[in-house]
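Be aware that the sequence shown starts at 8, since it is given in our numbering, and climbs by one per residue.
Comments concern the structure below.
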Amino acid sequence: MPSVEWFRQAMLDFHSQRAIPGVTSHRIRRYIGWILGEETRRYWLSRRIFRLVLRIVHKALGRQLPTDPQRQLPTDPQPALAAITVFPLDYVPITPPKVNYSYPDVAVIPTPFGSTVNALTDTLDALPDSVAWVMFTSSGDPGVASLLREQITANADVVFADEAGRNPLLPTLKAAAVGTHTLLSYNVVGRPALVRLQALREVGGLRPEAGVAYEHDLYLRLSERQAIFQHVPLVLPGGYDGAWFDQPALITDTQTVVEAALARRGWDGSVTPGVLPGLSDWRPSVPPSLPTVDIVIPTRDRIDLVKNCLSAIESVTTYPHWNIIILDNDSTEPASREFFATTRYPVVPCPGPFNYAAIMNRGIRHATADYVLTLNNDTVVLTPDWLEQLLGLASLPDVGIVGACLVDQYGRGEHESVVIAPFPQHLRTWSNYPFVDHFSRATRDVAAVTGAVQLFKRSFYEQLRGMDEELRVTMNDVDLCLRSHNEGKTVIYTPHVRLTHHVSSSRGSLNPFEDRNHFLFRWDVLGSFKDPFFPETLRLYGETMYYRP
Numbered sequence: 008m009p010s011v012e013w014f015r016q017a018m019l020d021f022h023s024q025r026a027i028p029g030v031t032s033h034r035i036r037r038y039i040g041w042i043l044g045e046e047t048r049r050y051w052l053s054r055r056i057f058r059l060v061l062r063i064v065h066k067a068l069g070r071q072l073p074t075d076p077q078r079q080l081p082t083d084p085q086p087a088l089a090a091i092t093v094f095p096l097d098y099v100p101i102t103p104p105k106v107n108y109s110y111p112d113v114a115v116i117p118t119p120f121g122s123t124v125n126a127l128t129d130t131l132d133a134l135p136d137s138v139a140w141v142m143f144t145s146s147g148d149p150g151v152a153s154l155l156r157e158q159i160t161a162n163a164d165v166v167f168a169d170e171a172g173r174n175p176l177l178p179t180l181k182a183a184a185v186g187t188h189t190l191l192s193y194n195v196v197g198r199p200a201l202v203r204l205q206a207l208r209e210v211g212g213l214r215p216e217a218g219v220a221y222e223h224d225l226y227l228r229l230s231e232r233q234a235i236f237q238h239v240p241l242v243l244p245g246g247y248d249g250a251w252f253d254q255p256a257l258i259t260d261t262q263t264v265v266e267a268a269l270a271r272r273g274w275d276g277s278v279t280p281g282v283l284p285g286l287s288d289w290r291p292s293v294p295p296s297l298p299t300v301d302i303v304i305p306t307r308d309r310i311d312l313v314k315n316c317l318s319a320i321e322s323v324t325t326y327p328h329w330n331i332i333i334l335d336n337d338s339t340e341p342a343s344r345e346f347f348a349t350t351r352y353p354v355v356p357c358p359g360p361f362n363y364a365a366i367m368n369r370g371i372r373h374a375t376a377d378y379v380l381t382l383n384n385d386t387v388v389l390t391p392d393w394l395e396q397l398l399g400l401a402s403l404p405d406v407g408i409v410g411a412c413l414v415d416q417y418g419r420g421e422h423e424s425v426v427i428a429p430f431p432q433h434l435r436t437w438s439n440y441p442f443v444d445h446f447s448r449a450t451r452d453v454a455a456v457t458g459a460v461q462l463f464k465r466s467f468y469e470q471l472r473g474m475d476e477e478l479r480v481t482m483n484d485v486d487l488c489l490r491s492h493n494e495g496k497t498v499i500y501t502p503h504v505r506l507t508h509h510v511s512s513s514r515g516s517l518n519p520f521e522d523r524n525h526f527l528f529r530w531d532v533l534g535s536f537k538d539p540f541f542p543e544t545l546r547l548y549g550e551t552m553y554y555r556p
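As structure tokens, then:
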């Protein structure tokens with residue numbers, strides 16, 4: 008698929024120039040990590056000071072850091088979007104240069120409200136032979152088309168830009184890669200966009216049965232033909248007008264085109280409308296073979312957490328073919344020994360200092376199921392068909408790893424994929440991503456998902472040679488996901504599987520500087536690495552998104 012190949016080629020280009028080292032990037036960095044230690048008071052103090060500085064800055068800006076863990080968060084996306092005044096925080100609209108010329112090989116096709124596919128097809132058929140590119144637009148401004156035309160690379164089939172949006176301070180920022188699974192969820196290309204006319208005709212043109220979702224349908228068919236999508240990181244006018252998303256037909260037509268896309272790919276499954284117009288909730292079916300799943304749960308004591316985790320799995324799960332393997336990392340409490348002696352689930356001893364990667368590798372060597380699901384002991388399953396949903400996605404031929412949505416004990420988003428912008432961090436709706444939109448509520452391609460909940464084929468994990476045990480505490484899950492991309496298998500996050508997560512309740516407050524340094528250097532995070540599935544002009548620092556064109 009184009010998105011995976013885009014990511015894979017970028018990584019191959021990088022690693023062809025330098026070997027992946029087995030140590031961290033610089034001796035000084037290693038010494039700093041060793042001096043500060045894993046549970047240093049200095050680290051704790053630096054966090055307190057940094058948060059104090061953030062409070063001062065937020066107060067000066069008239070904003071307030073969240074302090075009440077019981078606060079109620081908005082659940083209706085439409086009023087929530089209306090409450091946001093500017094995003095990203097430092098975004099300032101820039102008027103694009105006025106272009107008074109047009110290219111003879113570009114045709115700007117107006118799409119007034121109520122336009123039919125048949126009428127648009129007639130317009131396309133009447134275009135002269137000199138036209139190579141078309142742009143559908145409500146505004147009819149040829150200057151935007153000219154700006155995009157100037158950015159075209161040699162092999163591009165679709166060239167698209169960020170959208171100015173109805174609110175000038177809330178642009179729609181887009182990722183560099185069009186994830187093929189994200190595109191099933193919603194039209195990530197949007198407008199403004201130029202489409203190569205030859206590519207449009209090669210996939211059969213516009214389909215009348217797509218209705219008002221004709222562009223979404225076109226991009227789905229183009230992606231299936233390995234079309235090349237080029238993103239231009241400029242915020243430009245020319246997006247859909249305000250009435251576009253208010254059309255009742257958009258909901259049904261989006262469902263129709265996504266169902267057709269699944270059928271063309273030979274994927275059984277269901278499609279239902281999402282929480283926003285133009286968003287679909289598509290769910291592949293579990294393979295007819297009903298594969299088995301080994302749920303691998305590591306722990307060091309904290310049997311109270313383990314019991315809660317097991318109780319939820321046993322009482323909630325609707326999928327029948329699963330088993331649990333408990334990994335014991337040097338538990339010492341009498342209650343732990345008693346529980347391990349009486350539980351009906353196998354317990355695998357994993358002695359030694361805490362090393363999450365080594366523990367998981369040892370445990371998965373004892374697994375025999377078709378699929379393995381890594382699950383933290385401090386999680387509680389909330390979605391009854393969680394295994395069906397995860398298995399449906401993980402069984403797709405181009406998918407390597409699947410992750411889920413984690414919320415804290417107050418219902419706030421704790422993990423909604425890992426973004427690398429520029430450092431690996433958890434995306435959290437209503438925290439560092441302060442509203443609900445198509446991106447945050449889509450089943451989508453992502454750079455990585457947390458190891459607290461990861462499902463993958465056992466054979467694929469073995470192909471990747473497991474987790475990197477030099478990443479003892481953290482970044483091992485993200486590293487595994489990036490290596491999955493390198494093998495041509497994407498990583499998918501679904502918001503429709505939810506679990507409660509009590510972060511680090513068992514492992515404590517380890518702060519692995521060495522792991523972070525090792526990971527940053529391995530993937531050149533401070534240099535050439537770019538997250539292909541997250542808006543490329545967004546940077547996440549702490550709990551705040553910033554605009555960096």
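For each residue, glycine too, the CB sits at the ideal point set by N, CA and C.
**Message:** Applying the 10 Å Cβ sphere with the 16-neighbour rule, what's the burial state of A454?
**Reply:** buried
**Message:** Using a 10 Å radius around the Cβ and a threshold of 16 neighbouring Cβ atoms, would you call Y363 buried or exposed?
**Reply:** Burial of Y363 is indicated by the presence of at least 16 other C-beta atoms within 10 angstroms of its C-beta.
**Request:** Express the C-alpha separation of D148 and N107 in angstroms, rounding to a whole number.
**Result:** 10 Å
**Request:** With DSSP collapsed to three states, give me the class of D405.
**Result:** coil
**Item:** Buried or exposed (CB count within 10 angstroms, at least 16 for buried), T160
**Value:** If you draw a 10 Å sphere on the C-beta of T160, you find fewer than 16 other C-beta atoms in it, and that means exposed.
**Prompt:** Ordered along the chain, which non-local residues of its own chain (more than five positions away) have a Cβ less than 6 Å from that of G473?
**Reply:** N368
**Asked** Starting from T214 and walking both ways along the beta strand (DSSP E), at which residues does that stretch end?
**Response** Residue identity check: residue 214 is Arg in the sequence provided, not Thr. Looking at the DSSP string, R214 is not in any beta strand (DSSP E), and its letter there is neither H nor E.
**Prompt:** Which whole-angstrom value is the C-beta distance of V379 and I371, which I expect to be below 8 Å?
**Reply:** 5 Å
**Item:** Pairwise C-alpha distance: Y500 and R419
**Value:** 17 Å
**Item:** C-alpha distance - F541 paired with G121, whole-angstrom precision
**Value:** 33 Å
**Prompt:** Do I332 and L317 have their C-beta atoms within less than 8 Å of each other?
**Reply:** no
**Asked** Taking C-beta to C-beta, are P199 and L127 nearer than 8 Å?
**Response** no
**Prompt:** Going by the CB atoms, is the gap between V282 and L207 shorter than 8 Å?
**Reply:** no
**Message:** Going by C-alpha to C-alpha distance, which of F346, F442, V265 and R479 sits closest to H361?
**Reply:** Residue 361 is actually Phe in this sequence, not His. Checking every option, the nearest Cα to that of F361 belongs to R479.
**Prompt:** In terms of alpha-carbon separation, which member of V138, K181 and L176 lies closest to F167?
**Reply:** Comparing C-alpha distances from F167 to each of V138, K181 and L176 shows the shortest one belongs to K181.
**Request:** State the Cα-Cα distance for the pair S137 and F442, rounded to the nearest angstrom.
**Result:** When rounded, the distance between both Cα atoms is 44 Å.
**Prompt:** Which class does E543 belong to by DSSP, given the choice of helix, strand or coil?
**Reply:** The answer is coil: DSSP assigns E543 none of H, G, I, E or B.
**Among A449, L213 and V300, nearest to W329 - alpha-carbon criterion** = V300
**Asked** In terms of alpha-carbon separation, which member of L487, F467 and S466 lies closest to E476?
**Response** Nearest option by C-alpha distance: L487.
**Message:** Within 10 Å of its beta-carbon, does T325 have 16 or more other beta-carbons around it, so buried, or fewer, so exposed?
**Reply:** exposed
**Asked** Hey, how far is the Cα of N384 from the Cα of N315?
**Response** Going from the Cα of N384 to the Cα of N315 covers about 8 Å.
**Request:** Could you check which residue in V202, V323 and F467 has the C-alpha nearest to that of R505?
**Result:** V323
**Message:** Quick check on the burial criterion: 16 or more other C-beta atoms within 10 angstroms. Buried or exposed for G273?
**Reply:** exposed
**Asked** Whole-angstrom Cβ separation of T263 and G218, contact assumed at under 8 Å?
**Response** 7 Å
**Asked** Taking the alpha-carbon positions, what's the S153 to E469 distance?
**Response** 50 Å
**Item:** A319 - DSSP class collapsed to helix/strand/coil
**Value:** helix
**Item:** Assigned exposure category for R156 - 16 Cβ within 10 Å defines buried
**Value:** Looking at its Cβ environment, which holds 16 or more other Cβ atoms inside 10 Å, R156 is buried.
**Asked** When DSSP labels each residue in this structure, what does W289 get in the three-state scheme?
**Response** strand
**Asked** Can you tell which of T123, T436 and F143 has the C-alpha that lies nearest to the C-alpha of Y247?
**Response** Closest option to Y247, Cα to Cα, is F143.
**Prompt:** For W437, which of helix, strand or coil comes out of DSSP?
**Reply:** coil
**Message:** Tell me the residue span of the beta strand (DSSP E) that contains S153.
**Reply:** Element bounds for S153: not the beta strand (DSSP E) but the alpha helix (DSSP H), P149 to R156.
**Prompt:** Which partner residues of V167 appear in the DSSP bridge assignment?
**Reply:** The residue asked about is misnamed: residue 167 is Phe in this sequence, not Val. Note: F167 sits in a beta bridge opposite A200 and H238.
**Item:** E550 versus E345 - alpha carbon distance
**Value:** 42 Å
**Contact belief for G276 with R451 at Cβ below 8 Å, rounded distance in angstroms** = In fact, because the Cβ distance is near 16 Å, the residues do not count as touching under 8 Å.
**Prompt:** With respect to the alpha helix (DSSP H) encompassing D301, which residues constitute its N-terminal and C-terminal limits?
**Reply:** Counting along the chain, D301 falls outside any alpha helix (DSSP H), though it belongs to the beta strand (DSSP E) covering V300 to T306.
**Message:** Given a cut-off of 8 Å on the beta-carbon distance, is the pair A267 and L191 in contact?
**Reply:** no
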